[in-house]
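Enquirer: Numbering-wise (my numbering), the sequence shown opens with residue 130 and increments by one. Just so you know, even glycine gets a beta-carbon here, dropped at the ideal spot from N, CA and C. Quick caveat: nothing in here was measured; it's all calculated off a predicted structure.
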Amino acid sequence: MNEILTGFLRAIELMASLDPELIDITARTLMISVSSTVLASLIAVPVAAMIDLQDFRGKRALLNIIQTLYSIPTVLVGLFVFLLISRSGPLGPLNLLFTPAGMVLGQTILILPLVTGFSITALRSVKPELRDLARSLGATEFQVMLRVLEEARYAVMAAIILGFGRAISEVGVAIMLGGNIRGFTRVITTAISLETSRGNLELSIALGIILLIISLAVNTVLNHFQEK
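As structure tokens, then:
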């Protein structure tokens, strides 16, 4: 118990002194998670809008597949992307393995179904009368899509923030694709795992506190948009 208390106090000191390694790991974590969330959103939101507005055969099956992928294990995504970007993989020449770019790709694929599915749910909450009114006024399907997105913007933002929360807290993809290289691909979750195994509880606890603070901020913003 004393060891845990000592580690906690030392963690507070590291945070207060702006420990360089602590700042480096935190900054890299935010950079990778924000980048993957932006990329996933740029793909997921338009796709969600098209799926929501169009009626086609197999739509229900497609939605079931997307929802099933919400809980896909991160190590499975890591394995898939590892095979994709390894030397013998189709993207091997890009040298993405064990780089921040490779981690961004992995996290993007990981959260893509989540952002897509919850964006579809957000768009389906918009009243059909709004779409009918826009079409009756001569709006194109693209204009109808923009109008629906505008109406559901807060719920869509909540879906994006939810995706960010999944990205920043995952560990499987980060280890498999990043390799936990100090000063290059090490992020909060992989650093906590490594430093704990080394017995460096101070840094582990400090990183854990920072991750909790980020999670609290994400949930606060998420609740704000949900109230909207």
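Comparing C-alpha positions only, which one of 350, 356, 331, 347 sits nearest to residue 145?
Expert: Checking every option, the nearest Cα to that of residue 145 belongs to 331.
Enquirer: Where does residue 314 fall in DSSP's three states?
Expert: Coil.
Enquirer: Going by C-alpha distance, which of 313, 198, 291 is nearest residue 230?
Expert: Here the closest residue by C-alpha is 313.
Enquirer: Using CA atoms only, rank isn't needed, just tell me which of 194, 239, 257 is closest to residue 297.
Expert: The residue with the shortest Cα to Cα distance from residue 297 is 239.
Enquirer: Sort 285, 299, 263 by Cα distance to residue 165 and report the nearest one.
Expert: Residue 165 has its Cα closest to that of 299, out of 285, 299, 263.
Enquirer: For the segment 278 to 325, list the beta strand (DSSP E) runs that are entirely contained and at least 3 residues long, ordered along the chain.
Expert: Segments of the beta strand (DSSP E) lying fully in the segment 278 to 325: there are none.
Enquirer: Looking only at C-alpha atoms, which of 337, 335, 316, 289 sits nearest to residue 348?
Expert: Out of 337, 335, 316, 289, 289 has the C-alpha closest to the C-alpha of residue 348.
Enquirer: When DSSP labels each residue in this structure, what does residue 254 get in the three-state scheme?
Expert: If DSSP states are grouped into helix, strand and coil, residue 254 belongs with coil.
Enquirer: Got a sec? Which residues, its chain only, sit under 7 Å from residue 215 by beta carbon, not counting five neighbours each side?
Expert: If we look at residue 215 and ignore the five residues flanking it on each side, its Cβ neighbours are 221, 226.
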